[in-house]
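Beneath this line is the structure, given in structure tokens, with notes to follow.
2 protein chains.
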Amino acid sequence: MKFNEFLDNLSTYEPGKDIEVVAKEYGVKEIIKLASNENPFGVPSKAIKALEENVFKANLYPDDSMVELKSKLAQKYSVLNENIIIGAGSDQVIEFAIHSKLNSKNAFLQAGVTFAMYEIYAKQCGSKCYKTQSITHDLDEFKALYESHRDEIKIIFLCLPNNPLGECLDKDLVLEFIRGVDKDCLIIIDAAYNEFASFKDSKKHLEPKDLIKSYENVLYLGTFSKLYGLGGLRIGYGIASKEIISAFYKLRAPFNVSNLALKAAVAALDDDEFSKKTLENNFSQMELFKDFAKKYDIKFIESYTNFITYFFDEKNSSVLCEELLKKGIIVRNLKSYGLNAMRITIGTPYQNERFFVEFGGIYSMV
Amino acid sequence: MKFNEFLDNLSTYEPGKDIEVVAKEYGVKEIIKLASNENPFGVPSKAIKALEENVFKANLYPDDSMVELKSKLAQKYSVLNENIIIGAGSDQVIEFAIHSKLNSKNAFLQAGVTFAMYEIYAKQCGSKCYKTQSITHDLDEFKALYESHRDEIKIIFLCLPNNPLGECLDKDLVLEFIRGVDKDCLIIIDAAYNEFASFKDSKKHLEPKDLIKSYENVLYLGTFSKLYGLGGLRIGYGIASKEIISAFYKLRAPFNVSNLALKAAVAALDDDEFSKKTLENNFSQMELFKDFAKKYDIKFIESYTNFITYFFDEKNSSVLCEELLKKGIIVRNLKSYGLNAMRITIGTPYQNERFFVEFGGIYSMV
Numbered sequence: 001m002k003f004n005e006f007l008d009n010l011s012t013y014e015p016g017k018d019i020e021v022v023a024k025e026y027g028v029k030e031i032i033k034l035a036s037n038e039n040p041f042g043v044p045s046k047a048i049k050a051l052e053e054n055v056f057k058a059n060l061y062p063d064d065s066m067v068e069l070k071s072k073l074a075q076k077y078s079v080l081n082e083n084i085i086i087g088a089g090s091d092q093v094i095e096f097a098i099h100s101k102l103n104s105k106n107a108f109l110q111a112g113v114t115f116a117m118y119e120i121y122a123k124q125c126g127s128k129c130y131k132t133q134s135i136t137h138d139l140d141e142f143k144a145l146y147e148s149h150r151d152e153i154k155i156i157f158l159c160l161p162n163n164p165l166g167e168c169l170d171k172d173l174v175l176e177f178i179r180g181v182d183k184d185c186l187i188i189i190d191a192a193y194n195e196f197a198s199f200k201d202s203k204k205h206l207e208p209k210d211l212i213k214s215y216e217n218v219l220y221l222g223t224f225s226k227l228y229g230l231g232g233l234r235i236g237y238g239i240a241s242k243e244i245i246s247a248f249y250k251l252r253a254p255f256n257v258s259n260l261a262l263k264a265a266v267a268a269l270d271d272d273e274f275s276k277k278t279l280e281n282n283f284s285q286m287e288l289f290k291d292f293a294k295k296y297d298i299k300f301i302e303s304y305t306n307f308i309t310y311f312f313d314e315k316n317s318s319v320l321c322e323e324l325l326k327k328g329i330i331v332r333n334l335k336s337y338g339l340n341a342m343r344i345t346i347g348t349p350y351q352n353e354r355f356f357v358e359f360g361g362i363y364s365m366v
Numbered sequence: 001m002k003f004n005e006f007l008d009n010l011s012t013y014e015p016g017k018d019i020e021v022v023a024k025e026y027g028v029k030e031i032i033k034l035a036s037n038e039n040p041f042g043v044p045s046k047a048i049k050a051l052e053e054n055v056f057k058a059n060l061y062p063d064d065s066m067v068e069l070k071s072k073l074a075q076k077y078s079v080l081n082e083n084i085i086i087g088a089g090s091d092q093v094i095e096f097a098i099h100s101k102l103n104s105k106n107a108f109l110q111a112g113v114t115f116a117m118y119e120i121y122a123k124q125c126g127s128k129c130y131k132t133q134s135i136t137h138d139l140d141e142f143k144a145l146y147e148s149h150r151d152e153i154k155i156i157f158l159c160l161p162n163n164p165l166g167e168c169l170d171k172d173l174v175l176e177f178i179r180g181v182d183k184d185c186l187i188i189i190d191a192a193y194n195e196f197a198s199f200k201d202s203k204k205h206l207e208p209k210d211l212i213k214s215y216e217n218v219l220y221l222g223t224f225s226k227l228y229g230l231g232g233l234r235i236g237y238g239i240a241s242k243e244i245i246s247a248f249y250k251l252r253a254p255f256n257v258s259n260l261a262l263k264a265a266v267a268a269l270d271d272d273e274f275s276k277k278t279l280e281n282n283f284s285q286m287e288l289f290k291d292f293a294k295k296y297d298i299k300f301i302e303s304y305t306n307f308i309t310y311f312f313d314e315k316n317s318s319v320l321c322e323e324l325l326k327k328g329i330i331v332r333n334l335k336s337y338g339l340n341a342m343r344i345t346i347g348t349p350y351q352n353e354r355f356f357v358e359f360g361g362i363y364s365m366v
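Note that the protein sequences, when read in sequence, are chains A and B. Sequence positions in the first sequence follow the UniProt record's numbering and run 1 to 366. Sequence positions in the second sequence follow the UniProt record's numbering and run 1 to 366.
Below, the structure is given as structure tokens:
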């Protein structure tokens with residue numbers, strides 16, 4: 001059978017290994033997964049309650065107006081419901097953005113190493129990709145590349161803080177950069193981890209209201225998968241001008257998010273205790289990961305997220321990750337990003353201690 | 001901001017009214033929703049148990065290999081895991097199919113009145129739509145249209161049984177039709193309601209294995225939203241040749257289905273008692289809807305689904321639906337399909353009795 005030609009250039013996404021699958025494969029009993037930047041404290045208790053109360057309604061289609069969650073987000077961010085679109089993860093909002101702006105005649109711009117899905121989705125549109133030489137976000141390079149291809153570039157991705165590296169630009173520099181970009185170029189601020197960056201350093205904090213009121217070409221992306229502990233439910237959102245949101249709505253399939261996800265997200269936004277505990281644990285435990293790196297002379301970038309990325313010189317990240325797997329610890333090997341590095345999610349004190357003990361042993365041996 | 005031109009031709013989907021929203025609007029206490037063909041008995045108890053056991057894991061990303069559910073379906077249908085793709089509702093598999101085959105230079109073929117999403121998704125690809133004059137599936141017309149536009153038509157939709165009308169073609173006629181279609185034309189058998197048709201009449205039963213083993217260009221679609229009572233969780237599947245499934249996989253975003261949906265679907269497949277109760281209630285209650293129609297001289301098509309569609313001559317379906325809403329009963333007005341008709345989901349005996357009492361009163365008055 002013949003398929004549309006653009007499929008020829010697409011490859012299939014290879015999923016990471018599932019905990020249960022790994023456990024079976026390696027015959028280990030306890031698996032510690034520090035690979036996907038999930039919340040190590042599980043699900044907020046208010047969200048669990050909401051889920052338990054609503055499992056009996058799983059037969060009913062979701063309220064496709066999503067008014068309850070939109071109103072809650074609108075209130076939190078002081079924007080209008082019309083400025084918000086809910087996606088099956090913020091991923092899906094990235095997909096809407098890409099399909100609404102990119103095509104085979106234009107291009108997008110991103111950091112040298114950043115969230116892999118930008119490029120994967122954009123490939124579906126046959127759009128050209130410009131990347132900075134720098135793996136982290138270097139705004140001078142962004143500016144130079146944008147100036148050279150101003151007519152061509154229709155989306156600029158800024159991942160703030162950046163996954164999978166962890167660095168984060170200051171808000172003031174971001175705003176200055178935005179001002180230099182044409183109004184017809186969509187600037188996507190991927191703020192999936194911004195709550196972590198904001199907690200650590202207020203200079204990194206990005207307020208959707210300020211962005212979209214001043215800049216009609218900015219899309220702010222948030223997610224419930226990280227701080228809010230709902231990665232399994234696939235729910236995130238985009239905030240932008242009504243014009244942008246209306247365009248995205250044309251690409252949205254009805255009922256794109258489950259009713260349980262909607263209920264859990266509303267409840268999670270109210271669980272301040274859970275968020276506080278997550279953020280405090282994250283950055284106090286982050287110090288231990290920095291100390292560990294220093295002790296073993298491992299390079300790392302200062303992280304504003306819920307993970308830390310270790311870079312290796314002589315040792316091979318693939319070997320190190322494989323050895324960790326044998327001990328039941330899953331981290332993210334960054335070989336597929338062209339880096340000899342691994343990304344480790346900051347876990348609970350217990351999980352991290354297990355990592356330090358096992359990885360210390362492996363690192364000295366390998 | 002300028003968006004890709006194809007967006008100009010798209011309109012935004014208008015969602016149906018949510019139960020809670022209607023309740024508030026009309027100030028009615030008890031709402032009976034017979035509008036979306038949801039399972040009136042709620043969620044299978046085995047699925048509820050699976051959900052309750054897994055709410056604590058909602059922070060963890062789904063197993064993106066979906067091996068557990070795929071294996072279960074593979075076993076049920078005697079096909080291979082590689083013949084299966086899981087979607088956020090079978091809707092999403094329709095989307096994959098359309099994007100992989102349709103473009104602005106080709107066309108698709110469907111019944112005069114059928115599931116609205118085929119046309120909505122296909123519009124995104126700028127593809128031409130051929131419809132039969134007959135509102136229900138008329139295979140002679142399908143054949144004639146296909147013969148006249150053989151080179152152009154790349155997808156044929158057969159909704160078996162048909163939503164929103166309820167009629168269903170016999171398997172033998174379907175197979176004969178398939179044999180006359182070129183191998184490069186994808187035939188989509190939308191079997192969302194086929195369990196209902198099969199229960200009523202074994203001549204309507206379509207077995208995915210038989211279809212895909214004999215015909216490499218057939219895609220079978222199933223859903224957990226109807227018989228299996230999981231409409232709110234957004235989960236369905238497609239079964240086809242490995243070649244077709246591989247093409248669709250290129251368009252699938254990772255983690256396109258939530259972990260709770262995957263767990264609930266596996267459990268729902270095991271809940272035979274729930275399925276049996278649903279099917280038996282559906283067709284015994286269907287008789288009452290037929291009796292009611294005869295009593296009031298309302299036309300209907302024999303239904304092989306979990307709904308029945310009433311057609312009106314002088315009375316206006318919009319007025320009738322509005323009057324029912326005031327009584328707290330939501331049914332589906334088919335005006336947007338160009339029909340003076342309403343689609344009513346077969347509910348529980350209690351719900352149906354409420355419908356008969358209220359609608360009887362309204363019908364005589366209006």
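Note that beta-carbon positions come from the ideal geometry of N, C-alpha and C, so glycine has one too.
Please name the residue in Y237/A, Y310/A, Y363/A whose C-alpha comes closest to that of K72/A.
The count along the first sequence starts at 1 and reaches residue 72/A at position 72. Comparing Cα-Cα distances from K72/A to each of Y237/A, Y310/A, Y363/A, the minimum goes to Y237/A.
Just tell me which of A247/A, K183/A, M66/A, L227/A has its CA closest to the CA of E5/B.
Translated into positions along the second sequence, residue 5/B becomes position 5. The residue with the shortest Cα to Cα distance from E5/B is A247/A.
Is V257/A helix, strand or coil when you go by DSSP?
By one-based count along the first sequence, residue 257/A stands at place 257. Reduced to three states, the DSSP call for V257/A is coil.
Report yes or no: do the region 76-93 of chain A and the region 224-244 of chain A share at least 3 C-beta pairs separated by less than 8 angstroms?
A contact exists between the region 76-93 of chain A and the region 224-244 of chain A.
At what residues does the beta strand (DSSP E) containing N333/B begin and finish?
As a first step, residue 333/B is located in the second sequence; it is residue number 333 there, counting from the start. First-last of the beta strand (DSSP E) with N333/B: 329-333.
Cβ of C125/A within 7 angstroms of Cβ of L139/A?
Residue numbering aside, residue 125/A sits at position 125 when the first sequence is read from its first letter. Residue numbering aside, residue 139/A sits at position 139 when the first sequence is read from its first letter. No, the pair does not count as a contact, with Cβ atoms beyond the cut-off.
Which residues does DSSP pair with G236/B in a beta bridge?
As a first step, residue 236/B is located in the second sequence; it is residue number 236 there, counting from the start. Its beta-bridge partners are G87/B, T223/B.
Should N306/A and G42/B be called a contact, given that it needs their Cβ atoms to be closer than 7 angstroms?
In the first sequence, the residue the question calls residue 306/A occupies position 306. In the second sequence, the residue the question calls residue 42/B occupies position 42. Cβ distance not < 7 angstroms, so N306/A and G42/B don't count as in contact.
For E278/B, report the span of its alpha helix (DSSP H) as first-last.
Counting from one through the second sequence, the residue named residue 278/B turns up at place 278. One detail in the question is off: residue 278/B reads as Thr in this sequence, not Glu. Residues 272-296.
Determine whether the Cβ of L7/A lies closer than 7 angstroms to any Cβ atom of chain B.
Position 7 of the first sequence holds residue 7/A. Cβ-Cβ to chain B under 7 angstroms: yes for L7/A.
Compare the C-beta of R234/B with all C-beta atoms of chain A and state if any pair is closer than 7 angstroms.
Your numbering for residue 234/B matches position 234 in the second sequence. True, the Cβ-Cβ gap to chain A drops below 7 angstroms.
Give the range of the beta strand (DSSP E) segment to which D190/A is assigned.
Counting from 1 along the first sequence, the entry for residue 190/A is found at position 190. Counting along the chain, the beta strand (DSSP E) containing D190/A begins and ends at 186-190.
By the DSSP assignment, the alpha helix (DSSP H) with R343/B in it spans what residues?
Here residue 343/B corresponds to residue number 343 of the second sequence, with the count starting at 1. That residue, R343/B, is in no alpha helix (DSSP H); its beta strand (DSSP E) goes 341-345.
Kindly say whether residue 444/B, judged by its beta-carbon, lies nearer than 7 angstroms to any beta-carbon of chain A.
Limits of chain B in this structure are 1 at one end and 366 at the other, which puts residue 444/B out of reach.
If the cut is a Cβ gap below 9 angstroms, which residues of chain B does Y26/A touch?
Translated into positions along the first sequence, residue 26/A becomes position 26. Residues of chain B passing the Cβ test: none, with the nearest at roughly 16 angstroms.
Can a CB atom of chain B be found closer than 7 angstroms to the CB of I48/A?
Translated into the one-based positions of the first sequence, residue 48/A becomes position 48. For I48/A, the answer is yes, since a Cβ of chain B falls inside 7 angstroms of its Cβ.
So which residues of chain B does F255/A contact, with C-beta pairs closer than 7 angstroms?
Reading the first sequence from its first residue, position 255 is the one you call residue 255/A. Within chain B, the residues near F255/A are G89, R234.
What residues in the region 253-279 of chain A bring their beta carbon closer than 8 angstroms to a beta carbon of chain B?
Within the region 253-279 of chain A, the residues whose Cβ lies closer than 8 angstroms to some Cβ of chain B are A253, P254, F255, N256, V257, S258, N259, L260, A261, A264, listed in chain order.
Under the three-state reduction of DSSP, which class applies to Y363/A: helix, strand or coil?
Sequence index remark: in the first sequence, residue 363/A carries index 363 (1-based). DSSP places Y363/A in helix when its eight states are reduced to three.
Would you please verify whether the beta carbon of G180/B is less than 7 angstroms from any beta carbon of chain A?
The residue labelled residue 180/B in the question sits at position 180 within the second sequence. Chain A, which has no Cβ nearer than 7 angstroms to the Cβ of G180/B, makes this no.
To the nearest angstrom, report how far apart K46/A and K213/B are at their CA atoms.
As a working note, residue 46/A is residue 46 in the first sequence. As a working note, residue 213/B is residue 213 in the second sequence. Answer to the nearest angstrom: the Cα atoms are 49 angstroms apart.
In terms of residue numbering, what span does the alpha helix (DSSP H) encompassing C321/A cover?
Here the question's residue 321/A lines up with position 321 in the first sequence. Its alpha helix (DSSP H) spans residues 317-326.
Mind listing which residues of the region 57-85 of chain B have their C-beta closer than 8 angstroms to chain A's C-betas, in chain order?
Of all residues in the region 57-85 of chain B, K57, A58, N59, L60, Y61, P62, D63, D64, S65, V67 have a Cβ within less than 8 angstroms of some Cβ in chain A.
In whole angstroms, give me the CA-to-CA distance for K131/B and R179/B.
For the purposes of this step, residue 131/B is taken as the residue at position 131 of the second sequence. For the purposes of this step, residue 179/B is taken as the residue at position 179 of the second sequence. Roughly 20 angstroms between the two C-alpha positions.
Determine the DSSP secondary structure at F115/B, reduced to helix, strand or coil.
Taking the second sequence and counting its residues from 1, one reaches residue 115/B at position 115. Of the three classes helix, strand and coil, the one that applies to F115/B here is coil, per DSSP.
For the ligand GTP, is there a heavy atom less than 6 angstroms away from the beta-carbon of E195/A?
Within the structure as shown, the ligand GTP is missing, as the structure has no ligands at all.
T12/B CB to nearest chain A CB: under 7 angstroms?
One-based indexing of the second sequence puts residue 12/B at position 12. It does: the Cβ of T12/B has a partner Cβ on chain A nearer than 7 angstroms.
When you compare only the Cα positions, how much space is there between A268/A and F274/A?
Here residue 268/A refers to the residue found at position 268 of the first sequence. Here residue 274/A refers to the residue found at position 274 of the first sequence. Those two C-alpha atoms are separated by around 8 angstroms.
Of the choices M286/B, D151/B, T136/B, whose alpha-carbon is the least far from that of F157/B?
For the purposes of this step, residue 157/B is taken as residue 157 along the second sequence, with counting starting at 1. The option with the nearest alpha carbon to F157/B is T136/B.
Given this structure, state the Cα-to-Cα distance separating F108/B from A116/B, to the nearest angstrom.
Translated into positions along the second sequence, residue 108/B becomes position 108. Translated into positions along the second sequence, residue 116/B becomes position 116. Distance between the alpha carbons of F108/B and A116/B is about 14 angstroms.
So which residues on chain B does E95/A lean against when the C-beta distance must stay under 7 angstroms?
In the first sequence, the residue the question calls residue 95/A occupies position 95. Simply A253.
Confirm, please, whether the CB-CB distance from T114/B to N162/B is below 7 angstroms.
Position 162 of the second sequence holds residue 162/B. Position 114 of the second sequence holds residue 114/B. Yes, the pair counts as a contact, with Cβ atoms nearer than the cut-off.
By the three-class DSSP mapping on this structure, what secondary structure does Y13/B have?
Locating residue 13/B in the second sequence gives position 13, where the first residue counts as 1. Coil, per DSSP.
Any idea what DSSP makes of L160/B, helix, strand or coil?
Numbered from 1 along the second sequence, position 160 holds the residue referred to as residue 160/B. In the structure shown, L160/B sits in coil (DSSP, three-state: anything other than H, G, I, E or B).
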